[in-house]
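Just so it is clear: in the sequence shown, position 36 is 36 by our numbering, and no numbers are missing. Structure first, commentary second.
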Amino acid sequence: MELFDELSWSDSFLLGFGPMDAVHQEFVGIVHTMLTCPDADLLAHLKTFERHADDHFSQELKWMKSTNFPAMQCHDDEHLAVQKSVSEVILLVEQGDFSVGRSLAKALADWFPGHADYLDSALAQWMVKLDTGGAPVVIKRSMLPSSIPIET
Ligand SMILES: [Fe+2]
Ligand SMILES: [Fe+2]
Numbered sequence: 001m002e003l004f005d006e007l008s009w010s011d012s013f014l015l016g017f018g019p020m021d022a023v024h025q026e027f028v029g030i031v032h033t034m035l036t037c038p039d040a041d042l043l044a045h046l047k048t049f050e051r052h053a054d055d056h057f058s059q060e061l062k063w064m065k066s067t068n069f070p071a072m073q074c075h076d077d078e079h080l081a082v083q084k085s086v087s088e089v090i091l092l093v094e095q096g097d098f099s100v101g102r103s104l105a106k107a108l109a110d111w112f113p114g115h116a117d118y119l120d121s122a123l124a125q126w127m128v129k130l131d132t133g134g135a136p137v138v139i140k141r142s143m144l145p146s147s148i149p150i151e152t
């Protein structure tokens, strides 16, 4: 399996539930940095990612629990598998094995689009539906007429 060397934020990741989109943008930013930073900075960014993942995944679990989301277990299992890998890899990077840290970053870049598309998007739709009684509306830059200038 070929893993991705890069991950950058794109509107295609928007799911229409603002608080989740914000945390996903942060996720993408940290993984991007883990893929591109010098070896000397990798451990610090991995630890930043570990803290981010704790917050990100516990927030999603809170949303699922508080609203009785039906597919909670398999979603949380994926999060737990990521967190387990991250803590194991941090120990190896602490011993100077930077390549395993970089491989983890590539695996995260590979994992995120599918997870977001499948499990997170179901949760986002569920949260918006409970909030408003309807499905989320996502407006992406590419859907706007080209005459409207958009700051990027
Ligand atoms: Fe997420
Ligand atoms: Fe998730």
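A virtual CB, placed ideally from N, CA and C, is assigned to each residue, including glycine. In this text, all values refer to a predicted model and were calculated from it rather than measured experimentally.
Does the beta carbon of residue i fall short of 7 Å from some heavy atom of ligand 4?
i	result
Leu7	Of the ligands this structure carries, namely ligand 1 and ligand 2, none is ligand 4.
Taking 6 Å as the limit between beta carbons, can you name the residues of its chain near residue i, skipping five residues before and five after?
i	result
Ser99	none
Gly114	none
Val138	Leu14 and Gly16
For residue i, verify whether its CB is less than 7 Å away from any heavy atom of ligand 2.
i	result
Asp97	no
If you drop the 5 nearest sequence neighbours on each side, which residues of the same chain put their C-beta closer than 8 Å to that of residue i?
i	result
Met127	Phe17, Met20, Trp63 and Thr67
Asp55	Val23
Report yes if the C-beta of residue i is less than 7 Å from at least one heavy atom of ligand 1; otherwise report no.
i	result
Ala22	no
Glu60	yes
Asp117	no
Does the separation of the CB atoms of residue i and residue j fall below 8 Å?
i	j	result
Leu42	Val82	no
Val31	Ala105	yes
Contact check, residue i vs residue j under 8 Å by CB: the rounded distance?
i	j	result
Ser8	Val28	7 Å
Ala53	Val86	6 Å
Who are the near neighbours of residue i in its chain, counting only those whose CB is closer than 7 Å to its CB and skipping five residues on each side?
i	result
Met34	Leu42, His45, Leu46, Phe49 and Ala105
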